[in-house]
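Undergrad: After the structure tokens below, expect a handful of questions from me.
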Amino acid sequence: MAYPRGSGILFHLTSLPGPHGIGDLGREAHRFADFLAIGGQKYWQLLPLGHTGYGDSPYAAFSAFAGNPLLISLETFVEEGWFPAEELHDHPRFPGHEVDYGAVIPWKMGMLRKAFAHFEARHPEWPADMLQFCYMSADWLEDYALFMALKDHHQGEPWDKWEPGARHRDPRALARYAHELAADVRFYRFLQFQFFRQYTALKQHVNQNGIAVVGDMPIFVAYDSADTWAHQGLFLLNQGRPVVVAGVPPDYFSKTGQLWGNPLYNWEAMAHRGFDWWVARMRMALAMFDIVRIDHFRGFAACWAIPYGDQDATRGWWMKAPGHQLFETLQAHLGRLPIMAEDLGVITPDVERLRDRFGFPGMKVLQFAFGSDRANPYLPENHTVNSVVYTGTHDNDTTLGWYSQATRKERTTLRRYTGTDHSRVALDLMRVAMASPASMAITPLQDLLELGTEARMNTPGVKGGNWKWRVAREHVNEGLASGLRAFTREFQR
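Numbering of the sequence shown is given in this note's numbering, commencing with residue 51 and proceeding in unit increments.
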């Protein structure tokens, strides 16, 4: 199912400018939506919005349902009278060009606890809209709130290190902890209410500008998450520990593959329950986003299973997954699925059959296009209408950074397509994407700004230093939007 021909920008909320060390759901996010509208864009693609854990990766969250409290706007609290303005005056001097998570997390979580204290002092009886949110979200919110309270109680230790009653979810232990940690449980409910209240206001503003929000759903969940802890029977675990974990096999880029460490699903148990956890997860995603990009889509056909405890991915094997049955079930419950398939990497015929059967568009990344022959699927002439073309993704270097390391063959082939000297190669590649027959063309904001490797968002397989980049406020301006609009009109996007 091809989406309307259009273009958009890939840009994560944490990269927005602002005074508090990290982008958020407040005025700068609304301002960026206005920038996209002036620029004639139809899509805003985000990275996952979950509550990030160790490593700060949006692809490894404490919950597949909860939002990231770090994205809550404190300024919005002040504007709405939830929080005294003077509380925001004294804060650390955060660097403007990147997120210093080590400083941001303790400061912001401390400020959110202060906001919660003000809230509870003013609202000994919770307001009706908050009670309704908690009631409607109870199937995931209660597990998440207790999980986070227990995590704080155990000084941040992963759940397999907790005392046995909590680890094995003994009903008496959970009831005792729910009572003892009631204030913390309420705090985490409060954060989710505020996150989704602010996110809903932002999405409404984006949609009113004629722009669709493209969300991102990691196929797997983190081991140290409320999902794995609360639904241990839905994962391949033994005594609470993974039997096998996820990754990708050795290839041209890595002789030992990639070891991700996510627990793998117990698909037999999920099918027995009618895939109810997946139905709930997808229903939530479709409420939050207009289009859902599923990361590592090939894992619905088969995923690389690595014995737990291995130090790399070399001893893994392909474990089949019931993707056809799963998506049939999702369609039966939810209707048409506006899904985009991240079909990069080792793509076999069974993955293509699954993708094509349900009409999900795949991805074409131009940075992969110019190093081989004419059969390269990422070359523009091999794109289909039902696909999404990117100059690069969050896992790639910026186009300027990529080009600085490109081979002679890649540079020569690209020159044939552009007829330019590549003095502005990021815009050259963006022009190739815009001209593609693919219905959607997505450009990372870093490429629109013609930034180098210093603005790279993530380097896969490298620990530390990722997810930090932030844009300078003055760089996202009306002049840039006007140029983007002209560019977009030229290619009838």
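Glycine residues also receive a C-beta, built at the ideal position from the N, C-alpha and C atoms.
Rounded C-beta distance between Pro487 and Val438? I'm assuming under 8 Å.
TA: About 12 Å separates the two Cβ atoms, so there is no contact after all.
Undergrad: In whole angstroms, what separates the C-alpha of Ala233 from that of Ala485?
TA: 55 Å
Undergrad: Considering only the alpha carbon of each residue, which of Ser473, Asp406 and Ile269 lies closest to Ser113?
TA: Ile269
Undergrad: Look at the alpha carbon of Val526 and the alpha carbon of Phe82, and state the distance between them as a whole number of angstroms.
TA: 8 Å
Undergrad: Taking Tyr249 as the reference, which of Pro69, Gly265, Val235 and Gly260 has the closest Cα?
TA: Gly265
Undergrad: What is the C-beta distance between Phe408 and Glu460, in whole angstroms, given that I count them as a contact (C-beta under 8 Å)?
TA: Between Phe408 and Glu460 a beta carbon distance of about 33 Å is seen, past the 8 Å cut, so the two are scored as non-contacting.
Undergrad: May I ask which residues mark the beginning and end of the beta strand (DSSP E) holding Ala262?
TA: Ala262 to Pro268
Undergrad: Find out if the Cβ-Cβ distance for the pair Ala522, Gly71 is shorter than 8 Å.
TA: no
Undergrad: Applying the criterion that 16 or more other CB atoms from any shown protein chain within 10 Å of the CB defines a buried residue, is Tyr185 buried or exposed?
TA: exposed
Undergrad: Can you check which of these residues, Phe166, Val149 and Gly260, is closest to Glu137 by C-alpha distance?
TA: It is Phe166 whose Cα lies nearest to the Cα of Glu137.
Undergrad: Determine the closest residue to Ser473 out of Ala491, Ile492, Leu501 and Ser489, with distance taken between C-alpha atoms.
TA: In terms of CA proximity to Ser473, Leu501 leads the group Ala491, Ile492, Leu501 and Ser489.
Undergrad: For Arg348, count the other beta carbons within 10 Å of its own beta carbon; 16 or more makes it buried, fewer makes it exposed. Which is it?
TA: buried
Undergrad: Alpha carbon to alpha carbon, how far is Glu318 from Ala371? Give it in angstroms, no decimals.
TA: 9 Å
Undergrad: Taking only runs of the alpha helix (DSSP H) that begin and end inside the region 454–481, which ones reach a length of at least 4 residues, in chain order?
TA: 458–468
Undergrad: Are Ala355 and Met369 closer than 8 Å when you measure CB to CB?
TA: yes
Undergrad: Classify Gln381 as buried or exposed, calling it buried when 16 or more other Cβ atoms lie within 10 Å of its own Cβ.
TA: Exposed is the call here.
Undergrad: Identify whether Lys291 lies in helix, strand or coil by the three-state DSSP scheme.
TA: Here residue 291 is Arg; the residue named in the question, Lys, does not match the sequence. In this structure, Arg291 counts as strand in the three-state DSSP scheme.
Undergrad: DSSP state of Leu309, grouped into three classes?
TA: strand
Undergrad: With Leu495 as the anchor, note down where its beta strand (DSSP E) starts and where it stops.
TA: Note, Leu495: premise wrong, no beta strand (DSSP E); alpha helix (DSSP H) at Leu495 to Leu498.
Undergrad: Using only the alpha-carbon positions, how far apart do Gln282 and Gly290 sit?
TA: 7 Å
Undergrad: Tell me the rounded alpha-carbon separation between Thr306 and Val295.
TA: For Thr306 and Val295, the distance between alpha carbons rounds to 15 Å.
Undergrad: Less than 8 Å separating the beta-carbons of Phe183 and Phe246?
TA: For the 8 Å CB-CB criterion, Phe183 and Phe246 form a contact.
Undergrad: Would you list, in sequence order, the uninterrupted alpha helix (DSSP H) runs of no fewer than 4 residues that lie entirely inside the region 51–104?
TA: 77–88
Undergrad: Relative to the C-alpha of Gly103, which residue among Asn316, Asp274, Arg520 and Val475 is closest?
TA: Selected option, being the one with the closest Cα: Asp274.
Undergrad: For a test of the three-state rule: what should DSSP assign to Ser437, helix, strand or coil?
TA: Correct three-state label for Ser437: strand.
Undergrad: Apart from the five residues just before and just after Arg239, which ones in its own chain have a Cβ nearer than 7 Å to its Cβ?
TA: So the qualifying residues of the chain are Cys184, Leu191 and Ala195.
Undergrad: With 16 as the cutoff for other CB atoms within 10 Å, does His229 come out buried or exposed?
TA: exposed
Undergrad: Among Leu200, Leu241 and Gly56, which one has its Cα closest to the Cα of Met180?
TA: Leu241
Undergrad: Under a Cβ-count criterion, where at least 16 other Cβ atoms within 10 Å of its own Cβ denotes burial, should Trp517 be classed as buried or exposed?
TA: buried
Undergrad: Per DSSP, Trp452 is paired with what?
TA: Beta-bridge analysis with DSSP links Trp452 to no other residue.
Undergrad: Report yes if the C-beta distance between Val324 and Leu309 is below 8 Å; otherwise report no.
TA: The sequence given here has Gly at residue 324, not Val. Result no, Cβ atoms of Gly324 and Leu309 do not sit closer than 8 Å.
Undergrad: Does DSSP put Val342 in a helix, in a strand, or in coil?
TA: strand
Undergrad: Out of Ile492, Leu530, Phe237 and Arg77, which one is the CA nearest neighbour of Ala262?
TA: Ile492
Undergrad: Go ahead and pull the three-state DSSP assignment for Tyr238.
TA: helix
Undergrad: Return the CA-CA distance between Lys513 and Glu175, expressed in angstroms with no decimal places.
TA: If you take the alpha carbons of Lys513 and Glu175, they lie about 45 Å apart.
Undergrad: In the DSSP output, which residue or residues are listed as bridge partners for Ala296?
TA: Ala355
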